[in-house]
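Q:
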Amino acid sequence: MIEGNAQLGTIVIAFFSGVLPTLVWLWFWTREDKKNPEPKSMIALAFLGGMVAVVISLFLEKYFYGLGLKNFFSTGIFSHILPWFQGIAIKTGISIDKVLLVMVCAPLIEELSKFILAFILVLRSKEDDEPLDPMIYMITTALGFAAIENMLFLIDPISKQNVIASIFSGNMRFIGATLLHTVSSATIALFISFNFFDKKIEKTLYTILGIIVAIIVHSVFNYFMLGNNDTSVTALELIWIAVIIVLIAFEKIKKIRLEKI
94 MIEGNAQLGT IVIAFFSGVL PTLVWLWFWT REDKKNPEPK SMIALAFLGG MVAVVISLFL
154 EKYFYGLGLK NFFSTGIFSH ILPWFQGIAI KTGISIDKVL LVMVCAPLIE ELSKFILAFI
214 LVLRSKEDDE PLDPMIYMIT TALGFAAIEN MLFLIDPISK QNVIASIFSG NMRFIGATLL
274 HTVSSATIAL FISFNFFDKK IEKTLYTILG IIVAIIVHSV FNYFMLGNND TSVTALELIW
334 IAVIIVLIAF EKIKKIRLEK I
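Just so we're aligned, residue 94 is where the sequence shown starts under the working numbering, counting upward by one.
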């Protein structure tokens, strides 16, 4: 009974430690749409969608990893790029299957999961009626995803009562991975927002392009995080530069409606 209470306590602490920092980011990003704020119910739905996307992603990643990613990439057109990933595996001392998971499988599954949930729950709604809205909804979905992912990363150090490791992990997730999910989802939204008033076929093509770019951004970030401390710092520097670009894009998107009118 005591052990069960301790496990529950660990999960509760990890949950709030993972969610509260993302709510700070959510407050920050939603302030970009102060003139025409989205309904709180839609924001909550997008955030919840991101949480659900984590469960879907973990299931799919575990499934494909169990099949043996090296075997999958040894056939067909993928066999031509497998040596490059093998080189990374040797350089980093990480198994080839794990490298493929981190650099290919995870970015692909996670970016698609976030977008599909956002599309089903909020991007098709009547509330998505101005160019800035996809940015707010996609970023909110990303933060919901990051909240649960952060929680899962914190459970182990908290359960071992390793306060220093918990604080370090929480800070790194707050700075790094949370921003990664924000930037990658915002990348998709940028392609949607800048073509908000275009024809459906054009919007669809640009959305697909945005998803591809987001997957590449995610994969590159993960590549740098596989290396030593120097490459990890480089990854964080790049992601902060990307955040600045997203902030500049917000200001450009705010003017789109005026330009179209």
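Glycine included, every Cβ here is placed at the ideal spot set by N, Cα and C.
(1) Could you check whether the stretch 300 to 310 touches the stretch 193 to 205, counting it as contact only if at least three pairs of C-beta atoms, one from each stretch, sit closer than 8 Å?
(2) Is arginine 124 helix, strand or coil by DSSP?
(3) Please classify threonine 168: does DSSP put it in a helix, a strand, or coil?
(4) Mind pulling the beta strand (DSSP E) runs of 3 or more residues that sit fully within the stretch 268 to 346?
(5) Whose C-alpha, out of Glu125, Ala239, Ser218, is nearest the C-alpha of glycine 143?
(6) If you pair each beta-carbon of the stretch 109 to 129 with each one of the stretch 223 to 235, do three or more pairs fall below 8 Å?
(7) For lysine 184, does the three-state DSSP call read helix, strand or coil?
(8) Compare the beta carbon distance of leucine 86 and leucine 193 with 8 Å and say whether it is the shorter of the two.
(9) Are there 16 or more other CB atoms within 10 angstroms of the CB of arginine 266, so buried, or fewer, so exposed?
(10) Tell me which residues share the same chain as isoleucine 332 and place their Cβ nearer than 7 Å to its Cβ, disregarding the 5 neighbours each side in the sequence.
(11) Considering only the beta carbon of each residue, do leucine 225 and aspartate 126 sit closer than 8 Å?
(12) With H, G and I counted as helix, E and B as strand and the rest as coil, what does DSSP make of isoleucine 189?
(13) Pick out whichever of Thr300, Lys293, Gly186 has its Cα sitting closest to the Cα of leucine 205.
(14) Give me the Cα-Cα distance between aspartate 222 and isoleucine 170, rounded to the nearest whole angstrom.
(15) Within 10 angstroms of the Cβ of histidine 311, are there 16 or more other Cβ atoms? Answer buried if so, exposed if not.
(16) Does the beta-carbon of alanine 279 have 16 or more other beta-carbons within 10 angstroms, so that it is buried, or is it exposed?
(17) Ignoring anything shorter than 4 residues or poking outside the stretch 187 to 252, list the alpha helix (DSSP H) runs there in chain order.
(18) For leucine 319 and phenylalanine 178, what's the separation of their Cα atoms in angstroms?
(19) Terminal residues of the continuous alpha helix (DSSP H) containing glutamate 154?
(20) Please state the DSSP three-state secondary structure of lysine 163.
(21) In whole angstroms, what is the alpha-carbon distance linking alanine 335 and asparagine 164?
(22) Cβ of serine 286 within 8 Å of Cβ of methionine 244?
(23) Taking the beta carbon of glycine 237 as the centre, do at least 16 other beta carbons fall within 10 Å, making it buried, or is it exposed?
(24) If distances are taken between C-alpha atoms only, which option among Ala139, Val145, Tyr158 comes closest to isoleucine 241?
(25) State buried or exposed for lysine 293, treating a residue as buried only when at least 16 other CB atoms are found within 10 Å of its CB.
(26) Is proline 130 helix, strand or coil by DSSP?
A: The structure says:
(1) Result yes; three or more Cβ-Cβ pairs closer than 8 Å.
(2) Stepping through the sequence shown from its first residue, residue 124 is reached at position 31. Here arginine 124 sits in helix by DSSP.
(3) Counted from its first residue, the sequence shown places residue 168 at position 75. Correct three-state label for threonine 168: coil.
(4) If only complete runs of 3 or more residues are kept, the stretch 268 to 346 shows no beta strand (DSSP E) anywhere.
(5) The residue labelled residue 143 in the question sits at position 50 within the sequence shown. The shortest Cα separation from glycine 143 among Glu125, Ala239, Ser218 belongs to Ala239.
(6) yes
(7) The residue labelled residue 184 in the question sits at position 91 within the sequence shown. Residue state, collapsed to three classes: helix.
(8) Beyond the ends of the chain as shown, which are 94 and 354, falls residue 86; an answer cannot be given.
(9) Taking the sequence shown and counting its residues from 1, one reaches residue 266 at position 173. Note that arginine 266 scores a pLDDT of 48, beneath 50, so its modelled location is shaky and nothing firm can be said.
(10) In the sequence shown, residue 332 corresponds to position 239, counting from 1. Contacts found: Gly269, Leu272, Leu273, Val276, Phe314.
(11) Taking the sequence shown and counting its residues from 1, the one referred to as residue 225 is at position 132. Taking the sequence shown and counting its residues from 1, the one referred to as residue 126 is at position 33. Yes.
(12) Looking up residue 189 in the sequence shown gives position 96. Three-state result, isoleucine 189: helix.
(13) To locate residue 205, count along the sequence shown from 1; it is residue 112. Ranking Thr300, Lys293, Gly186 by Cα distance to leucine 205 puts Thr300 first.
(14) Here residue 222 refers to the residue found at position 129 when the sequence shown is read from its first residue. Here residue 170 refers to the residue found at position 77 when the sequence shown is read from its first residue. One C-alpha to the other measures close to 41 Å.
(15) Position 218 of the sequence shown, counting from 1, holds the residue named residue 311. So histidine 311 ends up on the buried side.
(16) Counting from one through the sequence shown, the residue named residue 279 turns up at place 186. Looking at its Cβ environment, which holds 16 or more other Cβ atoms inside 10 Å, alanine 279 is buried.
(17) 189 to 193, 199 to 211, 225 to 252
(18) Locating residue 319 in the sequence shown gives position 226, counting from the first residue. Locating residue 178 in the sequence shown gives position 85, counting from the first residue. So the alpha carbons of these two residues sit roughly 12 Å apart.
(19) Reading the sequence shown from its first residue, position 61 is the one you call residue 154. Counting along the chain, the alpha helix (DSSP H) containing glutamate 154 begins and ends at 133 to 160.
(20) By 1-based counting over the sequence shown, the position of residue 163 is 70. DSSP places lysine 163 in helix when its eight states are reduced to three.
(21) Your numbering for residue 335 matches position 242 in the sequence shown. Your numbering for residue 164 matches position 71 in the sequence shown. Between alanine 335 and asparagine 164, the C-alpha separation is close to 34 Å.
(22) Locating residue 286 in the sequence shown gives position 193, where the first residue counts as 1. Locating residue 244 in the sequence shown gives position 151, where the first residue counts as 1. Between serine 286 and methionine 244, the gap from beta carbon to beta carbon reaches 8 Å or more.
(23) Along the sequence shown, one-based indexing puts residue 237 at 144. Answer is buried; the Cβ neighbour count reaches 16.
(24) The count along the sequence shown starts at 1 and reaches residue 241 at position 148. Closest option to isoleucine 241, Cα to Cα, is Val145.
(25) Locating residue 293 in the sequence shown gives position 200, counting from the first residue. So lysine 293 ends up on the exposed side.
(26) By 1-based counting over the sequence shown, the position of residue 130 is 37. Proline 130: coil per DSSP, three-state reduction.
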